[in-house]
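Take a look at the structure set out below.
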Amino acid sequence: MKFGKPIPDWPRAMESFRSSFVWSFSLYFLLSRSPNRGGSIMRTYFSILPLLYFFLLTSCSDEKTKKEKDVEKDYFSNTQTTDDANDFKNEMATGETDFLRSLSNHQIAWQKWNHKILEKAKNTQRPIFALLCSPLGSASRTVVDELNENRALREIISSQAVCTVIDSSVNPEIANLGYRLSNEEKRSVAFPMIIWFSHEGSPIASDPVGNISGSKLKVIVSNLANVIEDLWKKSSRYTVENSRSENEKRQLRIEPNIEELNQPITRNELFQKEARQLSSLYSFGDKNLDFIGGLIPSSSIELLAIGSHSASLPGDVREKSREAAKIMTRELTSGALKDHLTGSYFYARRTDDWTLPFFSKDLLSQAKIAATLMKVGNLLGNTQFTNQGLELLELLESEWLAKEISSKSPEGNADMPGAFLWDYRTLKKNLSPDELKVATIAFSLEPTGNIPLETDPLGDYYNLNSLRSKTSSQEVADKLQLSVEVVSMALTTIKSKLLTHRRNQIKTTSESTLTIKDLALVLRAQILRANHTGSSAHLDAAKTTANRILSNYWKPKKGLFRISANLTMVPARCHDAMVVGRSLNELYQATLDQHWLKSATAIVDYSIEQFGFSGGILTELAQEEQIVPLRQFSVSMIFGESTLGISDQTLSRLYALTKKEVYGGILDAHRRYIARQAEGRVVYHTDYISSCALGDSALVAVLQGDISSQLGKQFIATLNAPKHLSFLTIRPESASPLLTPLTGLPSAKGTASVVLIRSGEALGQVSTIEELTELLDSIISGE
Numbered sequence: 120m121k122f123g124k125p126i127p128d129w130p131r132a133m134e135s136f137r138s139s140f141v142w143s144f145s146l147y148f149l150l151s152r153s154p155n156r157g158g159s160i161m162r163t164y165f166s167i168l169p170l171l172y173f174f175l176l177t178s179c180s181d182e183k184t185k186k187e188k189d190v191e192k193d194y195f196s197n198t199q200t201t202d203d204a205n206d207f208k209n210e211m212a213t214g215e216t217d218f219l220r221s222l223s224n225h226q227i228a229w230q231k232w233n234h235k236i237l238e239k240a241k242n243t244q245r246p247i248f249a250l251l252c253s254p255l256g257s258a259s260r261t262v263v264d265e266l267n268e269n270r271a272l273r274e275i276i277s278s279q280a281v282c283t284v285i286d287s288s289v290n291p292e293i294a295n296l297g298y299r300l301s302n303e304e305k306r307s308v309a310f311p312m313i314i315w316f317s318h319e320g321s322p323i324a325s326d327p328v329g330n331i332s333g334s335k336l337k338v339i340v341s342n343l344a345n346v347i348e349d350l351w352k353k354s355s356r357y358t359v360e361n362s363r364s365e366n367e368k369r370q371l372r373i374e375p376n377i378e379e380l381n382q383p384i385t386r387n388e389l390f391q392k393e394a395r396q397l398s399s400l401y402s403f404g405d406k407n408l409d410f411i412g413g414l415i416p417s418s419s420i421e422l423l424a425i426g427s428h429s430a431s432l433p434g435d436v437r438e439k440s441r442e443a444a445k446i447m448t449r450e451l452t453s454g455a456l457k458d459h460l461t462g463s464y465f466y467a468r469r470t471d472d473w474t475l476p477f478f479s480k481d482l483l484s485q486a487k488i489a490a491t492l493m494k495v496g497n498l499l500g501n502t503q504f505t506n507q508g509l510e511l512l513e514l515l516e517s518e519w520l521a522k523e524i525s526s527k528s529p530e531g532n533a534d535m536p537g538a539f540l541w542d543y544r545t546l547k548k549n550l551s552p553d554e555l556k557v558a559t560i561a562f563s564l565e566p567t568g569n570i571p572l573e574t575d576p577l578g579d580y581y582n583l584n585s586l587r588s589k590t591s592s593q594e595v596a597d598k599l600q601l602s603v604e605v606v607s608m609a610l611t612t613i614k615s616k617l618l619t620h621r622r623n624q625i626k627t628t629s630e631s632t633l634t635i636k637d638l639a640l641v642l643r644a645q646i647l648r649a650n651h652t653g654s655s656a657h658l659d660a661a662k663t664t665a666n667r668i669l670s671n672y673w674k675p676k677k678g679l680f681r682i683s684a685n686l687t688m689v690p691a692r693c694h695d696a697m698v699v700g701r702s703l704n705e706l707y708q709a710t711l712d713q714h715w716l717k718s719a720t721a722i723v724d725y726s727i728e729q730f731g732f733s734g735g736i737l738t739e740l741a742q743e744e745q746i747v748p749l750r751q752f753s754v755s756m757i758f759g760e761s762t763l764g765i766s767d768q769t770l771s772r773l774y775a776l777t778k779k780e781v782y783g784g785i786l787d788a789h790r791r792y793i794a795r796q797a798e799g800r801v802v803y804h805t806d807y808i809s810s811c812a813l814g815d816s817a818l819v820a821v822l823q824g825d826i827s828s829q830l831g832k833q834f835i836a837t838l839n840a841p842k843h844l845s846f847l848t849i850r851p852e853s854a855s856p857l858l859t860p861l862t863g864l865p866s867a868k869g870t871a872s873v874v875l876i877r878s879g880e881a882l883g884q885v886s887t888i889e890e891l892t893e894l895l896d897s898i899i900s901g902e
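Numbering-wise (this note's numbering), the sequence shown opens with residue 120 and increments by one.
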């Protein structure tokens, strides 16, 4: 975009619009997009009339000399460029992930996203062009390759900016920033996203590109680049200073309000209120309960299952929670989110409906699903869910963890028939008539497609079917008058044929970089499995994963690392630290081995010191690691969970064990923040509310006597069942510098015994498994 001749006194003209600087980049006056991507040309024309009017007014004033005005407008006046961007070399060969390293042969001189890029932008007196990418899906790879291969686009961005690519798996805080920028513009977040930064790291402009290519991508990139070029040339000072000002306002908006309410609300009251509201929100047609879009609502399902077991809720609410948890889990395991050809799971839904997923997979999401299935299976007494969780974990260990795979994404058009979606023409080519009959019933296939109109109102997927497994083999056998054995054999053959066709039809790109969070979530699932099976081999597998985390990612003198591979070391974010602390403490709960508690508290204590806290809310990134000058707080379930919720799950148990004041202070800040959010409206913060099931004063199970005896191990296994552990914390009676001292307990009975205490008061002592189960049920479930 060109405004014509230079505008005298540009900063004064723009001052009237300081309230929203990123307005410049919501100016769709040149972004000729489809109707669903922006307003009409006429509407945007009228929206800039006031701006043009101010330009005319200010052009009438020419009191300063041209030199004075040029100095006033140039942020870099009296300085010279000390670097030439044309001399920059592509730095992606040492990128942190496979995706970044795959860009090393690009002609664009992609620079690494670190503090040095700010210095490069300052020395070249250029803004920064950043492409924020997700390793999931093909959109990011398609866009970044097209930017490199299209000469016009390549020259536009290379001639105007210092260029970088940001991988959201390496810098999740930038993904959070992208969400905030999209939200400020009232637009949906989409990756890849273009973000222009000043040399100070403040955002100047953003555009969620998403799955766009060809001429549309060229229009978006070139016109946005023209806008930036025009602004930078007319007044780099205004561009830099106003982006800084807007970022400071952004900081004020995101600072968490933790002032106490006039009528304080307790954690137990929050659990009762929010768990009850969640169950009332459930309906078969709307399963988007925790307001996280298409991501799998694992936290919501777990909270519903916990609510079904809690004496804090009335009987009718518990029953409704139970039914909702059961149906949602069944929808998860039988619907299109599961890849019924391999047994793995896709990472997200495209809509609130469960019939059309995104066809990428990652280890992180699937480890969460495995843990959720085992946890919900125990809470609901549903062995089928538990077994499905066990099967998924075994698949992840053999096909993902052992092969060092963190994500898999299809290349090209994943929606083509015969890849993940199926039409009858393709099915008939690959299956025999008898096999097609079995597949039609087993996978709920329709000749005209099974994607509902609500999901596909434009008919883009007409005649296409996603695979579902809502009909059991017995039901298929009954309908076709066959034996279950014949149907099972036919399904094995059908899956093999369709999977072979898929692999011939479309290629898959894998990412091998494992983050510490990937391993911590696998560890959590492994602990649940070990508690369920009682197998020493399963417990050893969990310990192996825990030791891998501590040896490779935790350096006591250097800190915790999100990525640690060869020479690549990326510092951990607060969320990483709390997920690790939670898993290590859960391993302590399963073993009562103080080594794991010591490791958990060491990592959590280091993180609290490293990330500081604003009145008790931990920041997401250490100040010295901030490239964008913005203190971010993960207090909303933007991408399925929050640091606030996970840290509360971690710290509430550690506080019950240690009584460290700093833990208690952060927990109280969490309560005050959520209480204010909950005032007068529903809180979609299910990871935090699940933590509140522990109550205001934690229920603690104290093991006495010989905890290594057979009875002691049985006590530990019983207490670690999710239907119990969701409501209590476990510790030994023996003294330890890590644990808060205990007084006034009754003497141990027999070989081993358990005392349940709350607020220092003993609620009962038992010496048999039957007595323990009865006491737990009476306290937790009121049964």
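C-beta atoms are modelled at their ideal positions from N, C-alpha and C, and glycine is treated no differently.
Rounded straight-line distance, which links the Cα of residue j to that of residue i
i    : j    : result
P690 : M608 : 50 Å
F140 : S761 : Here F140 scores only 43 on pLDDT, less than 50, and its place in the model should not be relied on; the value that follows carries that caveat. Each residue's Cα considered, the two are about 29 Å apart.
P246 : S362 : 11 Å
P108 : A538 : Residue 108 falls outside the range modelled here, since the chain spans only 120 to 902, and no answer is possible.
L170 : T470 : At L170 the pLDDT is 42, less than 50, meaning the model places this residue with poor confidence and gives no usable figure here.
S670 : S253 : 28 Å
L882 : I722 : 33 Å
L389 : I785 : 17 Å
T198 : R299 : 34 Å
S399 : K439 : 8 Å
S827 : N497 : 25 Å
H234 : N242 : 13 Å
A280 : R306 : 25 Å
S463 : Q485 : 7 Å
A490 : L647 : 7 Å
S166 : S718 : With a pLDDT of only 39 at S166, under the threshold of 50, the placement of this residue in the model should not be trusted, and no figure is reported.
R369 : R795 : 20 Å
S853 : Q823 : 8 Å
I727 : N532 : 45 Å
V885 : L818 : 15 Å
Helix, strand or coil at residue i [DSSP, three-state]
i    : result
G157 : For G157, the predicted structure reports a pLDDT of 42, less than 50, and the residue's modelled location is therefore unreliable. The matter cannot be settled from this model.
L904 : One cannot answer for residue 904 here, as it falls past the ends of the chain, which runs 120 to 902.
Q713 : helix
K778 : coil
K480 : strand
D409 : Any reading at D409 must be qualified, since the residue scores a pLDDT of 47, below 50, and its modelled position is unreliable; the value itself is stated next. Coil at D409, not helix or strand.
S325 : strand
S866 : coil
K674 : strand
L894 : helix
Q230 : strand
P841 : helix
T198 : coil
P536 : strand
W519 : helix
Minimum C-alpha distance to residue i - residue among the options
i    : options                : result
S629 : A204, N224, S257       : S257
A249 : T243, L255, L237       : L237
T687 : Y298, N205, D217       : D217
N205 : S278, R270, R273       : S278
F562 : G454, I293, L618       : G454
T862 : R681, P851, L749, V606 : P851
N569 : K589, P552, L414, T805 : K589
In DSSP terms, what residue i is bridged to
i    : result
N269 : In DSSP, N269 forms no bridge with anything.
D286 : C252
E630 : S526
C464 : Cys is not the amino acid found at residue 464; the sequence shown has Tyr there. Partner(s): K457.
Q884 : V874
A820 : I849, L875
- prompt: Which whole runs of the alpha helix (DSSP H) in the stretch 589-631 are 4 residues long or more, in chain order?
  reply: Taken in chain order, the unbroken stretches of alpha helix (DSSP H) that lie wholly in the stretch 589-631 and span 4 residues or more are 592-599, 603-624.
query: Quick one: complete beta strand (DSSP E) runs, 3+ long, within the stretch 682-740?
result: The qualifying runs are 687-690.
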